[in-house]
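Chain order of the listed sequences is Y and Z. Read in order, the letters of the first sequence are residues 34 to 220 in this note's numbering. Read in order, the letters of the second sequence are residues 34 to 220 in this note's numbering. Backbone N, C-alpha and C fix where the C-beta goes; we use that ideal spot for every residue, glycine too. Computed from a predicted model, the values in this text were never measured in an experiment.
Protein chains: 2
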Amino acid sequence: MAGRPRSFDRDEALAAAVELFWRVGYDETSISMLTSAMGVTPPSLYAAFGDKSTLFDEASTLYFDRICEGVDSAAARPTAREAITVMLSETARAHTDTGTPLGCLMLTEPRLAAQREAVNARLTRRIEQGVSDGDLPPTIRPHELASFLMAVMRGMSGCARDGGSPSDVAAIARLALAAIPDPPAAT
Amino acid sequence: MAGRPRSFDRDEALAAAVELFWRVGYDETSISMLTSAMGVTPPSLYAAFGDKSTLFDEASTLYFDRICEGVDSAAARPTAREAITVMLSETARAHTDTGTPLGCLMLTEPRLAAQREAVNARLTRRIEQGVSDGDLPPTIRPHELASFLMAVMRGMSGCARDGGSPSDVAAIARLALAAIPDPPAAT
DNA sequence: TGCAATCCATAGTGAACGCTACAGAAAGAG
DNA sequence: CTCTTTCTGTAGCGTTCACTATGGATTGCA
């Protein structure tokens with residue numbers, strides 16, 4: 034019932050897989066690249082994580098959870114405008130962080146459309162809240178604004194991956210803010 | 034000196050390659066997929082177009098030329114704001130055109146960063162012209178606005194590929210226009 | 001009709017892919 | 001110690017990859 038314990042740290046290996054998928058993408062990442070980066074032989078990898086697709090699911094879910102923390106943290110700001118401002122500037126910073134791969138795995142990987150849709154939904158709800166709080170004008174359509182912000186962040190990710198400087202990416206975020214109308218001044 | 038003429042139309046075969054690369058992407062497109070789509074056997078493909086990378090260069094250049102026609106056509110509008118409006122709405126329409134693959138090859142394919150940079154440069158020049166014409170305020174930085182618009186269009190491409198409806202994509206374009214400031218009214 | 005040139009179809013190259021069978025090594029349980 | 005269980009390393013499975021050698025088919029030209 035006991036058996037030999039595994040000789041590697043599963044969490045560390047998974048973190049290495051996240052970094053690799055993030056930097057290279059799913060299709061371009063081979064099993065041999067994964068075993069090298071994770072410090073594990075193929076049979077150990079398959080025993081611990083299943084096949085490549087299952088491993089990617091787990092890795093991308095781990096990544097997604099971190100994204101959601103950032104989204105929730107930004108959404109906790111008192112006004113929707115502040116929430117959006119924080120989200121965009123934090124996105125600009127993260128996408129050009131030299132300590133991680135450039136851009137965003139969730140916004141880049143074609144097969145993660147469901148994650149994007151989930152973030153879009155959270156963003157939509159926060160914007161709806163902002164409308165009912167009166168810090169966004171009632172004329173806006175929350176889902177459309179959320180989709181616009183998702184599009185901008187995806188564009189920021191692509192700009193970062195193309196070698197755009199942190200200030201280039203931050204400028205995109207700053208200009209996007211100009212698209213968000215102020216509410217009519219309540220007297 | 035004469036020799037047997039080729040039995041396929043080179044332009045038609047190249048157009049099929051463009052469609053396939055556009056729909057599937059460079060890495061995910063195999064030679065066998067290309068030979069099927071183009072109606073050509075591998076030796077004929079290699080004789081007519083060189084290797085896969087060379088074929089992609091030719092196909093993406095053909096695609097790029099069509100993009101540039103659209104950009105130039107939009108840029109010919111009398112004001113920069115009109116030019117941008119046309120460019121965004123035409124992009125929204127093209128990215129969801131059911132007669133072609135969804136999204137944009139140039140904005141999607143990682144190795145086409147040079148083409149994106151070229152479009153960004155054209156856009157920057159048109160915006161500079163708009164500033165000097167007085168139909169954009171002198172406070173804007175042309176390169177930043179161009180990068181913002183590129184980011185939005187890339188986001189529109191991703192939205193379309195994720196299954197966003199034409200009206201979803203068009204809404205992104207419409208909201209982006211709100212980010213462009215009016216010039217101070219010249220009396 | 002024969003020659004030279006060019007293209008096409010079959011078939012297969014070596015390499016890399018995702019994945020796994022197998023046997024030995026390392027742990028707890030008795 | 002032995003037994004059982006689980007992990008590890010080697011080595012290789014079948015498939016697909018990009019790409020090409022070879023030989024026959026089809027043309028223009030003499």
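Alpha helix (DSSP H) containing residue i: first to last residue?
{"i": "Z/R56", "result": "R43 to V57"}
{"i": "Z/R110", "result": "Run containing Z/R110: none; DSSP gives neither H nor E here."}
{"i": "Z/E150", "result": "A146 to D166"}
{"i": "Z/D201", "result": "P199 to L210"}
{"i": "Z/R37", "result": "Neither: Z/R37 is in no alpha helix (DSSP H) and is coded neither H nor E."}
{"i": "Z/V185", "result": "P175 to R194"}
{"i": "Z/A70", "result": "I64 to M71"}
{"i": "Y/P171", "result": "Run containing Y/P171: none; DSSP gives neither H nor E here."}
{"i": "Z/T141", "result": "L138 to T141"}
{"i": "Z/P76", "result": "P75 to F82"}
Quick check on this structure: which residue in the options has the alpha carbon closest to the alpha carbon of residue i?
{"i": "Z/S86", "options": "Z/S106, Z/I64 and Z/F97", "result": "Z/I64"}
{"i": "Y/A218", "options": "Y/S190, Y/D201 and Y/P170", "result": "Y/P170"}
{"i": "Z/S198", "options": "Z/S77, Z/D166, Z/T129 and Z/R39", "result": "Z/T129"}
{"i": "Y/D215", "options": "Y/T141, Y/I173 and Y/A151", "result": "Y/I173"}
{"i": "Z/A113", "options": "Z/Q148, Z/P143, Z/E102 and Z/I160", "result": "Z/I160"}
{"i": "Y/G58", "options": "Y/L78, Y/L182, Y/I205 and Y/L145", "result": "Y/L145"}
{"i": "Y/G132", "options": "Y/R56, Y/T74 and Y/G191", "result": "Y/R56"}
{"i": "Z/A151", "options": "Y/A46, Y/A35 and Y/D195", "result": "Y/D195"}
{"i": "Y/A203", "options": "Y/L178, Y/S180, Y/A127 and Y/G72", "result": "Y/A127"}
{"i": "Y/E123", "options": "Y/V164, Y/G188, Y/L47 and Y/G103", "result": "Y/G103"}
{"i": "Y/Q162", "options": "Y/A116, Y/F181, Y/S190 and Y/F41", "result": "Y/A116"}
{"i": "Z/S106", "options": "Z/L121, Z/E142 and Z/T94", "result": "Z/L121"}
{"i": "Z/D221", "options": "Z/M189, Z/M66, Z/R37 and Z/L78", "result": "This structure does not reach residue 221 of chain Z, given that chain Z is present from 34 up to 220, and the question cannot be answered."}
{"i": "Y/V73", "options": "Y/T62, Y/E61, Y/D60 and Y/L47", "result": "Y/L47"}
{"i": "Y/I100", "options": "Y/D42, Y/L156, Y/L67 and Y/S200", "result": "Y/L156"}
{"i": "Y/L95", "options": "Y/H176, Y/D166 and Y/V51", "result": "Y/V51"}
{"i": "Y/E142", "options": "Y/E61, Y/R37 and Y/G36", "result": "Y/E61"}
{"i": "Y/A147", "options": "Z/P134, Z/A147, Z/G191 and Z/G167", "result": "Z/G191"}
{"i": "Y/E177", "options": "Z/P175, Z/H176, Z/S165 and Z/S200", "result": "Z/S200"}
Roughly how far, in whole angstroms, is the beta-carbon of residue i from the beta-carbon of residue j, given that I think they are within contact range, below 8 Å?
{"i": "Z/A49", "j": "Z/A70", "result": "5 Å"}
{"i": "Y/A108", "j": "Y/R39", "result": "Between Y/R39 and Y/A108 the Cβ distance is about 38 Å, and since that is not below 8 Å, they are no contact."}
{"i": "Y/A184", "j": "Z/I205", "result": "5 Å"}
{"i": "Y/L208", "j": "Z/A154", "result": "That belief does not hold up - the Cβ atoms of Y/L208 and Z/A154 are roughly 18 Å apart, past 8 Å."}
{"i": "Z/G136", "j": "Z/A179", "result": "In fact, because the Cβ distance is near 20 Å, the residues do not count as touching under 8 Å."}
{"i": "Y/F89", "j": "Y/F54", "result": "6 Å"}
{"i": "Z/L140", "j": "Z/R149", "result": "7 Å"}
{"i": "Y/L210", "j": "Y/T118", "result": "6 Å"}
{"i": "Y/R110", "j": "Z/G188", "result": "Not quite, the Cβ-Cβ distance comes to about 23 Å (not below 8 Å), so this is no contact."}
Any heavy atom of the ligand ZN closer than 7 Å to the beta-carbon of residue i?
{"i": "Z/R155", "result": "No copy of the ligand ZN occurs in the structure displayed, which carries no ligand at all."}
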